[in-house]
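*Asks:* What follows is a structure written as structure tokens; I'll ask about it next.
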Amino acid sequence: MKLPHINRKFIGLGVAILIGVLSFWGFKTMFDQKVATLSKKGPQVQYVVASTNLPLGSIITTNNVSQRNFPQEYSQSNAVSVSEFDQIEGLPLKVSLKPGDTLMYSMIDTKKDITKLIPSGHRAITIPVDDESSISSMLKPGDLIDLLITLNSSSNPLTVPLIQGVKILATGKRLEGSDSSESVGYANITLDVTAIDAKNITFAASLGKISAILRNPNDQTINDTSSFMQLVNNEKQKPNLPSPSAPPSAVKVNVVHDNASHLNIIYGNKDE
Numbered sequence: 031m032k033l034p035h036i037n038r039k040f041i042g043l044g045v046a047i048l049i050g051v052l053s054f055w056g057f058k059t060m061f062d063q064k065v066a067t068l069s070k071k072g073p074q075v076q077y078v079v080a081s082t083n084l085p086l087g088s089i090i091t092t093n094n095v096s097q098r099n100f101p102q103e104y105s106q107s108n109a110v111s112v113s114e115f116d117q118i119e120g121l122p123l124k125v126s127l128k129p130g131d132t133l134m135y136s137m138i139d140t141k142k143d144i145t146k147l148i149p150s151g152h153r154a155i156t157i158p159v160d161d162e163s164s165i166s167s168m169l170k171p172g173d174l175i176d177l178l179i180t181l182n183s184s185s186n187p188l189t190v191p192l193i194q195g196v197k198i199l200a201t202g203k204r205l206e207g208s209d210s211s212e213s214v215g216y217a218n219i220t221l222d223v224t225a226i227d228a229k230n231i232t233f234a235a236s237l238g239k240i241s242a243i244l245r246n247p248n249d250q251t252i253n254d255t256s257s258f259m260q261l262v263n264n265e266k267q268k269p270n271l272p273s274p275s276a277p278p279s280a281v282k283v284n285v286v287h288d289n290a291s292h293l294n295i296i297y298g299n300k301d302e
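Note that this note's numbering gives residue 88 to position 58 of the sequence shown, counting from 1, and the numbers run on in steps of one.
Here it is as structure tokens:
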């Protein structure tokens, strides 16, 4: 019996097609297995990453970083975990970062230098405090406080709001981000304020006693604090010259020594 002649070209084409089908099937199987492996959520770690472009010297805050989950097998010993964020918050960067870059401890300047904790355009001002005005020395760096000014006039004592939502940079020599085991005793606090607020605080300190009121860090409500400046402006508009009939000895300047704040409070044109 004579077998039909089969063209070798058809045989080669069939073998090539079979090899291609098997290769595609093998590749698809391996790809599906890889996707399934990556999609399977195993143990993960959470690291702090930059959420925006951060130039060198940027202060780390919750506004410019976020968290990202990584598989545990990709954990890094030098990376900052989310649970350790409070240790680096408020500290400056030694390098520039791009969005998505993981924060490493080696990228953060942990030296205790208060100048590096002052945001651009702000100022640091130190004011004296006593046990009462510092809430029994319970204030600590990083707290938010309101400031009140008490005008110690013997005729009409008055307390008005001065500034609200002020951040404490340091209590005594203890800076924000420093070891909390350091001594908590202090006689002054250093505040992060604007240049205008620094001017108002300095002026207020010459008129009366400044007290700190601790506030919840999540409370961002800022009320009207213009009472002090309105009071000062009203006082400026009052005539300071004595009447022509009054003898020169009728004009007195009373100096009240405030031992609590170690300030001299001076009042002019007071009747004897």
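Quick reminder that beta carbons are idealized off the backbone N, C-alpha and C, glycines included.
#1: Based on Cα-Cα distance, which residue from Ala154, Lys197, Ser81 lies nearest to Gly130?
#2: Output needed for Asn94: all residues of its chain with C-beta closer than 8 Å, excluding positions within five of it in sequence on either side, in chain order.
#3: Under the rule that 16 or more other beta-carbon atoms within 10 Å means buried, what is Phe258, buried or exposed?
#4: Using beta-carbon positions only, say whether Leu123 and Thr140 come within less than 8 Å of one another.
#5: Here's the rule: buried if 16 or more other CB atoms are within 10 angstroms of the residue's CB, otherwise exposed. What is Leu52?
#6: Could you pull out every residue in the same chain whose Cβ sits closer than 7 Å to the Cβ of Ser96, ignoring the five residues on either side in sequence?
#7: Check each candidate in Ile243, Thr92, Leu221, Asp160 and name the one with the smallest Cα separation from Pro171.
#8: So which of Glu119, Ser113, Ala225, Ile198 has the shortest CA-CA distance to Thr92?
#9: Hey, how far is the Cα of Met134 from the Cα of Tyr77?
#10: Does DSSP classify Lys344 as helix, strand or coil?
#11: Out of Asn253, Gln63, Ile243, Asn182, which has the shortest C-alpha to C-alpha gap to Ala235?
#12: Quick one, which of Gly195, Arg153, Asp143 has its alpha-carbon nearest Asn248's?
#13: So Ser167 packs on Gly215, CB below 8 Å; how close in whole Å?
#14: Look at Ile165 and Ala242 and say whether their C-beta atoms are less than 8 Å apart.
*Replies:* Reading off the structure:
#1: Ser81
#2: Hits under 8 Å: Ala80, Ser81, Thr82, Leu84, Ser88.
#3: buried
#4: no
#5: exposed
#6: Val79, Ser81
#7: Leu221
#8: Glu119
#9: Within the model, the alpha-carbon separation for Met134 versus Tyr77 is close to 9 Å.
#10: Since the first and last residues shown for the chain are 31 and 302, residue 344 lies out of range.
#11: Asn182
#12: Gly195
#13: 6 Å
#14: yes
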